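Encoded as C-alpha cells, the structure appears first; notes follow it.
In full-length UniProt numbering, the protein residues as written are 1 to 201.
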C-alpha cells in the first residue's frame, strides 16, 4: 500500500514509553532470524541491528558471538541502549543514525531490520535500498521483517507482499526467500508479517 501513513515522533516515544510496553518489544532473538542464521550457517561476523529500538536483537546477536552495531533514528533509544550495554558489560556499539542519510562506515555480514523499512515513506524506499547495498558485505545477508499484506489491522506500518519486496529490492539485492510469519511483540493477536532473506547481487 502506498498511501502516506502517520507515525509517532520516535524521539518522544522512546523518551516516554518503557521498552516493555512497545508493540514490537520481544525479549529474545527473533525466532525467524534465529532459524535463518542456523539454516544458512551464519554464526559469526559483523552484524547491524537497523532500527535497534529497545536493543533486544542487538544484545541477542552479541550473545551469539557477533560483533554488533545497533543504530536508531532516536537519540533517546540509542542513549537507553548504550546505558543497558554498560550495565550488562556488553560489547555492543550503539549509534544514532538515519539510514536514509547514513554515516555508517564499513560493511556487515548480517543486517537485520525488524521494523524500520515498513515505516519509511514510500518515496524514500529507493534511498533505503541503495544504503543497504553499500552496507551489506559481499557474501553477507540482509534479513527483513515487516508487516504482511495479509495483516487485516488497518493501522500501523505499511504492508507488503513477497512480490513487492522483490520489486523494491531486486535491482540491488536478490530475494532468496520471503515467508509469512508473525511479528512477535506485545500486541494480541500478533500481527501478520513477512520474513525475507536477501543478499547482494
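Quick reminder that beta carbons are idealized off the backbone N, C-alpha and C, glycines included.
Just so we're clear, the structure is a prediction, and the values are computed from it rather than from any experiment.
Range of the contiguous alpha helix (DSSP H) that encloses residue i
i, result
"residue 111", "No alpha helix (DSSP H) contains residue 111, which is instead part of the beta strand (DSSP E) from 108-113."
"residue 81", "75-88"
"residue 141", "Taken as a continuous stretch (DSSP letters only), residue 141 belongs to no alpha helix (DSSP H), being part of the beta strand (DSSP E) at 136-147."
"residue 50", "Looking at the DSSP string, residue 50 is not in any alpha helix (DSSP H); the run it does join, the beta strand (DSSP E), is 46-50."
"residue 15", "10-16"
As assigned by DSSP and simplified to three states, the class of residue i
i, result
"residue 35", "helix"
"residue 184", "coil"
"residue 67", "strand"
"residue 191", "coil"
"residue 171", "coil"
"residue 41", "coil"
"residue 94", "strand"
"residue 199", "strand"
"residue 72", "strand"
"residue 20", "helix"
"residue 100", "helix"
"residue 29", "coil"
"residue 176", "strand"
"residue 56", "helix"
"residue 132", "helix"
Under 8 Å between C-beta atoms of residue i and residue j
i, j, result
"residue 181", "residue 195", "yes"
"residue 71", "residue 92", "no"
"residue 67", "residue 39", "no"
"residue 85", "residue 53", "no"
"residue 178", "residue 162", "yes"
"residue 109", "residue 140", "yes"
"residue 129", "residue 172", "yes"
"residue 174", "residue 199", "yes"
Residue i versus the options, residue with shortest Cα-Cα distance
i, options, result
"residue 183", "173, 200, 201 and 148", "148"
"residue 169", "189, 136, 74 and 13", "136"
"residue 116", "172, 36 and 145", "145"
"residue 16", "49, 74 and 112", "74"
"residue 150", "143, 190, 119 and 171", "190"
"residue 187", "63, 155 and 104", "155"
"residue 60", "152, 33 and 79", "33"
"residue 267", "176, 49 and 128", "There is no way to answer for residue 267, as the model of the chain reaches only from 1 to 201."
"residue 63", "81, 29 and 37", "29"
"residue 98", "89, 83, 81 and 120", "120"
"residue 57", "165, 176 and 143", "143"
"residue 6", "201, 87, 27 and 122", "122"
"residue 138", "21, 107 and 37", "107"
"residue 185", "14, 4 and 20", "20"
Residue i Cβ short of 7 Å to the ligand MG heavy atom set
i, result
"residue 141", "The ligand MG is absent from the structure shown, which contains no ligand whatsoever."
Span of the beta strand (DSSP E), counted from its first residue to its last, around residue i
i, result
"residue 160", "It is not in any beta strand (DSSP E) - residue 160 carries neither H nor E in the DSSP assignment."
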